[in-house]
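Everything in the first sequence is counted per the numbering used here, starting at 482 for the first residue and increasing by one. Cβ coordinates follow ideal geometry from the N, Cα and C atoms, glycine included. This structure is a prediction, so every number in the text was calculated from the model and none was measured.
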Amino acid sequence: MGNLKDTAAIALVDCNNFYVSSERAFNPKLAGIPVVVLSNNDGCVISRSNEAKAFIPMGAPLFQYEKVLEENEAEIFSSNYELYGDMSDRVMNSLQSFTPEVEIYSIDEAFLGLQETQKGFDYIGKEIQEKIFKWTNIPVGVGIAETKTLAKIANRIAKKSDKAKGVLDLYKSPYQDIALDRTAIGDVWGIGRASIKKLETINIKTALQFRDADLRWVKKNFTVVGGRTLLELRGVRCLPLELEPPPKESITCSRSFGELVTEYKPLQMAMSCYLMNAVEKMRHHRLAARSLTVFIETNKFQLDSFYANSYTYKSAYPTDNLFELQHWASESIKKIYRENFAYKKAGVILSGLILSESTTARLYEQPNPKHERLNKAIDEINKKFGKGTVHLAIAHMGKWQMKRERMSPRYTTRLDEIMKIH
DNA sequence: TCTGGGGTCCTAGGACCC
DNA sequence: TCTGGGGTCCTAGGACCC
């Protein structure tokens, strides 16, 4: 971390409407028209092209907007995470060619550490934008400033303003005060709904007002987190670039069902399926879990008949063995399942994760070596033939599976779907 | 009929210990 | 009788992020 001290500026590179842009990257017919991508289960709109932003809000439930979408001749896609994940890798790999100081912050965002050069940051920003588009077909915005929080603000303005054309350098800029004055407090990274409300009562409405507020008061009312945000707005770097991804603390797999589930059996099957996903990911990271949480819930929009519960199974012996975890899961579901409820959603959380090679030897119960070999075999097959090729017998399909009625081909990761390009 | 999923960090408060 | 006080660990829940 010491070598990062001389990083002059931080750039935030953020893909525009990332899921929509990924769809467009392989389908030129989608250019210039309204396009939206839906959440799992085709429930909500989670990515919109600029044309679609004019008439549909973020997070809009599809059923409320089907008519509007049709009137505007919008193209609608189910989410295709294999495609987006692969496009994300391409963008992130491309960014590495500009600097080794790349923090992958999310599927569509990265922070870059930039050194001062003669070209100037604005020039570098434009270069990044141009090359990423050339190499991946994904348009990005670039915001540059002293800190992550300021870079976020620069990025936001860069995307909104026609003049900036997606790149804005606010590093030691005389325009910083103007930028902060025009940024609503709720658009500051780290300031959410609850904080907006609290700040309203003392008449703080802009990023500039927050920056110039009393630090002690902010710390008292918004903890150290709020204090950091304030200092970052003043140009004091509190959030360093994290070049190595921090070790995972938990892995979740949860889904809403395509159809409501009342019976025990299909619930158990769904849970097995989610567990397999989660365990596959966990083993991929060479981790083992100390505890497993299972949760179920009915439709949260129907409060009169709502039931939700969870149970956490804990063991002194962390495990990465699917069969053992399957046992933990079934024990847990038994404890929280209630008859006569229509369940809408369920999930599993693996937590207390540690590196699997550091699991302590067991004094009494030895893990079954047959199981271990079988687990390894499953890893191999899934790696070779794609996720979820091998299932536990109990994890077979059912009506609870999610709807994905409008999915595009997985152009980049499935050989059999590559040829479907129009 | 239909309303996503996957994370982290922080704090307060209880249990427990000396 | 006037009911210490500090430390640590754990958990639940809030807040926020993409």
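Inter-residue Cα distance where the pair is residue i and residue j
i: A645; j: I613; result: 17 Å
i: L680; j: A665; result: 12 Å
i: D668; j: R819; result: 42 Å
i: L564; j: V572; result: 12 Å
i: S796; j: V775; result: 14 Å
i: E730; j: A591; result: 21 Å
i: F782; j: F536; result: 25 Å
i: V705; j: R697; result: 10 Å
i: L784; j: L806; result: 32 Å
i: I732; j: I514; result: 37 Å
i: A769; j: E853; result: 13 Å
i: Y546; j: S889; result: 21 Å
i: A823; j: K884; result: 18 Å
i: R771; j: H808; result: 14 Å
i: E552; j: S560; result: 22 Å
i: M763; j: V829; result: 12 Å
i: G707; j: A688; result: 12 Å
i: K746; j: L649; result: 55 Å
i: N821; j: E744; result: 8 Å
i: K701; j: Q690; result: 17 Å
i: L722; j: A489; result: 12 Å
i: S786; j: L748; result: 18 Å
i: F507; j: P726; result: 30 Å
i: S753; j: C734; result: 11 Å
i: V518; j: I777; result: 26 Å
i: L455; j: L834; result: The structure shown does not extend to residue 455, since the chain is modelled only from 482 through 903, so no value can be given for it.
i: P581; j: K548; result: 47 Å
Helix, strand or coil at residue i [DSSP, three-state]
i: A823; result: coil
i: A541; result: coil
i: G647; result: coil
i: Y892; result: coil
i: D801; result: coil
i: I902; result: Since pLDDT at I902 reaches only 39, below the 50 mark, its modelled position is unreliable, and no value is offered.
i: V699; result: helix
i: I862; result: helix
i: V706; result: helix
i: A675; result: helix
i: F782; result: coil
i: I514; result: coil
i: S813; result: helix
Burial state of residue i, where buried means 16 or more other Cβ atoms lie within 10 Å
i: W670; result: buried
i: S528; result: buried
i: D495; result: buried
i: T779; result: buried
i: N574; result: exposed
i: K600; result: exposed
i: G622; result: buried
i: K826; result: buried
i: V742; result: buried
i: L836; result: exposed
i: M757; result: buried
i: G483; result: Reliability of the predicted coordinates at G483 is poor, the pLDDT of 43 falling under 50, and the value obtained from them is presented with this limitation in mind. Exposed, since its Cβ has fewer than 16 Cβ neighbours within 10 Å.
i: K641; result: exposed
i: I468; result: This structure leaves residue 468 out entirely; the chain is present only between 482 and 903.
i: N522; result: buried
i: R709; result: buried
i: Q577; result: exposed
i: W616; result: exposed
i: Y562; result: exposed
i: G647; result: buried
i: P799; result: buried
According to DSSP, residues forming a beta bridge with residue i
i: E584; result: F592
i: D523; result: Answer by DSSP bridge pairing: none, since D523 is not bridged.
i: F776; result: S791 and G828
i: R736; result: A827
i: A665; result: T687
i: A770; result: T800 and L834
i: D495; result: E590 and G622
Contact belief for residue i with residue j at Cβ below 8 Å, rounded distance in angstroms
i: I619; j: S502; result: 5 Å
i: L595; j: I605; result: 6 Å
i: Y788; j: K816; result: Their Cβ separation, rounded to whole angstroms, is 14 Å, which puts Y788 and K816 out of contact at 8 Å.
i: T628; j: R718; result: 5 Å
i: L945; j: A492; result: Residue 945 lies beyond the residue range present for the chain, which begins at 482 and ends at 903; the question has no answer from this structure.
i: G441; j: I634; result: Lying outside 482 to 903, the shown extent of the chain, residue 441 is not represented and no answer is given.
i: G540; j: S737; result: No, G540 and S737 are not in contact; Cβ-Cβ is about 15 Å, not under 8 Å.
i: L714; j: L631; result: 7 Å
Residue i: CB within 7 Å of a non-hydrogen atom of the ligand FMN
i: G524; result: Looking at this structure, you won't find the ligand FMN or any other ligand, since it has none at all.
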